[in-house]
Amino acid sequence: MTVTVHMHGNLRRFLTGGADRTVLEVAPGTTIEALLVGLGAERDTWLVALNGATADRDHVLHADDQLDCFEPVAAG
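Following our numbering, the numbering of the sequence shown begins with 973 at its first residue and continues without gaps.
In structure tokens form, the structure reads like this:
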């Protein structure tokens, strides 16, 4: 099944060529956390939104899900 992943800000470095968005093929039963681990982005991702709403990392992905990943924001 496929899911769309949108990496915001510096998280783009985890996608091929620094793209901000990609469509990935994942196995049924894949969690958000497993997807992030596969990309190497689990430590750098602060917040995830699934289909427009915040989601826990243990949420199981479904076909055609849209995942937005955000990094922490620092102010100075």
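Yeah, the Cβ is synthetic: ideal placement off N, Cα and C, and Gly gets one too. Given the structure is predicted, the values throughout are model-derived calculations rather than measurements.
For residue i, name the three-state secondary structure that DSSP assigns.
i	result
arginine 993	strand
alanine 1035	coil
valine 998	coil
leucine 1019	strand
alanine 1006	helix
Thinking just about the alpha-carbon of each residue, which of the options is nearest to the one in residue i?
i	options	result
methionine 973	Cys1041, Thr1002, Ala1025 and His980	Thr1002
leucine 1011	Leu1039, Phe986, Cys1041 and Val977	Phe986
Assuming residue i contacts residue j (C-beta within less than 8 angstroms), just tell me the rounded distance between them.
i	j	result
aspartate 1037	leucine 1022	6 angstroms
In its own chain, which residues sit with a C-beta less than 6 angstroms from the C-beta of residue i, not counting the 5 before and 5 after it?
i	result
glycine 981	Glu1043
leucine 1008	Glu1014 and Thr1017
glycine 989	none
Across which residues does DSSP place residue i in a beta bridge pair?
i	result
valine 1045	Answer is none; valine 1045 lacks a bridge partner.
Who are the Cβ neighbours of residue i in its own chain at under 7 angstroms, not counting the five residues just before and after it?
i	result
valine 998	Met973, Val975, Leu1007 and Leu1033
leucine 983	Ala1013, Asp1016, Thr1017, Cys1041 and Glu1043
Please list, in chain order, all residues of the same chain as residue i whose beta carbon is under 8 angstroms from its beta carbon, the five residues on each side excluded.
i	result
threonine 1026	Leu1019 and Val1020
isoleucine 1004	Val1020, Leu1022, Ala1027, Asp1028, Arg1029, Asp1030, His1031, Leu1033 and Leu1039
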